[in-house]
Amino acid sequence: MKDKDCIFCKIAGGEIPSKTIYEDEEFRVILDLGPAAKGHALILPKDHFANLYELPDETASRVMLLAKRMAAQITDKLQCDGFNLVQNNGEVAGQTVFHFHMHLIPRYKDDGQKIAWQPGKPSQEELEEIRNQIVGN
Ligand code: 5GP
Ligand code: ZN
16 MKDKDCIFCK IAGGEIPSKT IYEDEEFRVI LDLGPAAKGH ALILPKDHFA NLYELPDETA
76 SRVMLLAKRM AAQITDKLQC DGFNLVQNNG EVAGQTVFHF HMHLIPRYKD DGQKIAWQPG
136 KPSQEELEEI RNQIVGN
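For the sequence shown, the residue numbers in the numbering used here are 16 to 152.
Here you go:
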């Protein structure tokens with residue numbers, strides 16, 4: 016299913032042109048217009064799912080297989096030194112386009128980019144409390 020107001024539905028469906036590096040019945044992989052590094056690409060399902068929570072299990076598993084394949088191809092062709100997979104859900108997490116996408120980000124020595132957070136310092140008790148909240152016992 017598509018969302019008629021969604022730019023990534025239009026790109027994934029070919030209605031808006033993009034630099035496509037892979038396409039099949041279910042997915043299109045495009046170069047990001049605002050890349051973090053050379054070769055930064057996005058995996059887009061052709062159907063509209065707003066985020067990870069909406070993604071069907073079968074699609075989620077195929078996204079990861081495709082990410083693995085694309086990472087290998089990009090690494091081989093662009094000779095990057097490392098690789099980040101990034102996937103944002105919700106505005107607070109940095110999502111700006113509300114159609115599920117996986118970022119494929121090649122990394123190069125001295126590329127000056129950071130995908131980082133400030134590490135916290137929770138006590139063992141705090142970690143135990145969080146564990147209990149998540150697993151419910
Ligand atoms: P988010 O912040 O939602 O995880 O990532 C959205 C990404 O989509 C950004 O990296 C941004 O550069 C990219 N982007 C936004 N609009 C377009 C577009 O029209 N074409 C392409 N190729 N990338 C886009
Ligand atoms: Zn969409």
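All C-beta atoms in this analysis are idealised placements derived from N, C-alpha and C, irrespective of residue type, glycine included.
This structure is a prediction, so every number in the text was calculated from the model and none was measured.
D47 is the residue among D47, I26, A75, A27 whose C-alpha sits nearest the C-alpha of I120. When DSSP states are grouped into helix, strand and coil, V112 belongs to the coil group. Of the residues I149, H118, A108, the one whose Cα lies closest to the Cα of W132 is A108. Residue side-chain check: C21 places its Cβ nearer than 7 Å to a non-hydrogen atom of ligand 2.
No Cβ-Cβ contact shorter than 8 Å links L59 with A87. In this structure, DSSP gives Y37 an extended state, which the three-state scheme calls strand. With 16 or more other Cβ atoms from the protein chains shown falling within 10 Å of its own Cβ, V44 counts as buried. Taking the Cα of Y37 as reference, the smallest distance to any Cα among C21, K136, A82, L70 is reached at A82.
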